[in-house]
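Engineer: Residue 29 in my numbering sits at position 37 of the sequence shown, and the numbers go up by one each step.
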Amino acid sequence: MNAPPQSSPLLDVHIDGKEYGGRLVLDHVSLHMRRGEIVSLVGPTGCGKSTLLRVLAGLDRSFKGEVILDREPQRGPSARIGVIFQEPRLLPWLSVADNVAFPAGAHHGDEPRVAELLAQVGLPDARALLPKQLSGGMAQRVAIARGLFARPDLLLLDEPFSAVDALTRMRLQDLLLSLVQASHTAALIVTHDLDEALYLSDRVLLMTPTGRSGAGRIAREIIVDTARPRDRRHLTLAQLRGELLEGLGELVSVS
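Written out as structure tokens, the structure reads:
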């Protein structure tokens, strides 16, 4: 089921402007998310999606505006915000268990939380393995477990499944859905895959470049109210995909 309405948003973002090298890359971006909600950001390359994620993660503070998480202003990286990157980025000299627990520091792999998460991602017997012994899909499962280790309120995912094959990608999508729903963690996903965005999300936000600088703005919101579990072939998803393609097509015609 989709996330229930909340009296106040978990995440409340207002970015008046963000520049790189004197060029405006984000312009008047507002974003709100409820607890437990899944939202995807889609749009053409270079429109500021990954930049927005870095701002929300506290990795980039050079912007005009504010990021509010559960009514608290964010001034930098926080344990309440987990991040999963396009590639697993596991530390090669640490075991799987120590990689999962790395948010708590090196060599905390014996904590009970690690065993719980590895069981949830389907790797209960992998705790002693090194990253070089994992397949791509297994490594990304470990990265998901690491992202959830600190029980974050918000999970940020930047193209998390783009480096794996199609079948593994679908399995990881379903795994992410089950884990996010079980923990009631909100998730913001950057993806170029429209089908992935519609399958996973309660809402899909289309970011577009605007003005001479091509600064990113959120131009369109698509609400996906199809009940879960979803059929990837559902007619509603196909119709919504058409709306997103229409929005992207408008960008091509303008450029």
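Idealized CB from N, CA, C, for every residue including glycine. As the structure is a prediction and not an experimental result, all values here were calculated from the model.
1) Please identify the residue among 58, 126, 188, 194 whose C-alpha is closest to the C-alpha of residue 224.
2) I believe residue 34 touches residue 198 by the beta-carbon criterion, under 8 Å. Please report the beta-carbon distance rounded to the nearest angstrom.
3) Give the list of continuous alpha helix (DSSP H) stretches no shorter than 4 residues that lie fully inside the stretch -3 to 71.
4) Quick check for students: name the residue ranges of the alpha helix (DSSP H) that lie wholly in the stretch 77 to 153, counting only runs of 4 or more.
5) Could you please give the first and the last residue of the uninterrupted alpha helix (DSSP H) stretch that includes residue 158?
6) Of the residues 231, 241, 192, which one's Cα is nearest the Cα of residue 219?
7) Give me the residue from 0, 1, 40, 85 with the minimum Cα distance to residue 7.
8) Straight-line CA distance for residue 148 to residue 76?
9) Check for me: the alpha helix (DSSP H) holding residue 219 runs from which residue to which?
10) Check whether the Cβ of residue 100 lies closer than 6 Å to any heavy atom of the ligand FMN, and answer yes or no.
11) Count the other CB atoms, across all protein chains shown, that sit within 10 Å of the CB of residue 116; report buried if there are 16 or more and exposed otherwise.
12) Run the CB neighbour count on residue 204, radius 10 Å, all protein chains shown included, and call it buried at 16 or more, exposed below.
13) In whole angstroms, what is the alpha-carbon distance linking residue 208 and residue 104?
14) Suppose the cutoff is 6 Å on Cβ atoms and the five residues either side in sequence are ignored; what does the same chain contact list for residue 10 look like?
15) Between which two residues does the alpha helix (DSSP H) carrying residue 155 extend?
16) Compute the Euclidean distance between the alpha carbons of residue 143 and residue 175, then round it to the nearest angstrom.
17) Classify residue 239 as helix, strand or coil using the three-state DSSP reduction.
18) How far does the alpha helix (DSSP H) with residue 187 in it extend, from its first residue to its last?
19) Please report the Cβ distance between residue 89 and residue 97, rounded to the nearest whole angstrom; I am assuming they are in contact, meaning their Cβ atoms lie under 8 Å.
20) Just the C-alpha distance for residue 111 and residue 119, rounded to the nearest angstrom, thanks.
21) Excluding five sequence neighbours on each side, which residues of the same chain lie with their C-beta closer than 8 Å to the C-beta of residue 67?
22) Count the other CB atoms within 10 Å of the CB of residue 227; is the residue buried (16 or more) or exposed (fewer)?
23) State the DSSP-derived secondary structure class of residue 234, mapped to helix, strand or coil.
24) Looking at the secondary structure, which residues open and close the beta strand (DSSP E) in which residue 195 lies?
25) Between the Cα of residue 99 and the Cα atoms of 109, 107, 87, 108, which residue gives the shortest distance?
26) Just how far apart, CA to CA, sit residue 71 and residue 229?
Structural biologist: Straight from the coordinates:
1) 188
2) 6 Å
3) 41 to 48
4) 88 to 92, 104 to 112, 128 to 140
5) 158 to 175
6) 192
7) 40
8) 6 Å
9) Residue 219 -> no alpha helix (DSSP H), and no H or E assigned at all.
10) Absence of the ligand FMN is noted for the structure shown, with no ligands found whatsoever.
11) exposed
12) exposed
13) 42 Å
14) 17, 18, 55
15) Per DSSP, residue 155 belongs to no alpha helix (DSSP H) and is neither H nor E.
16) 8 Å
17) helix
18) 186 to 192
19) About 13 Å separates the two Cβ atoms, so there is no contact after all.
20) 10 Å
21) 50, 53
22) exposed
23) helix
24) 195 to 202
25) 87
26) 34 Å
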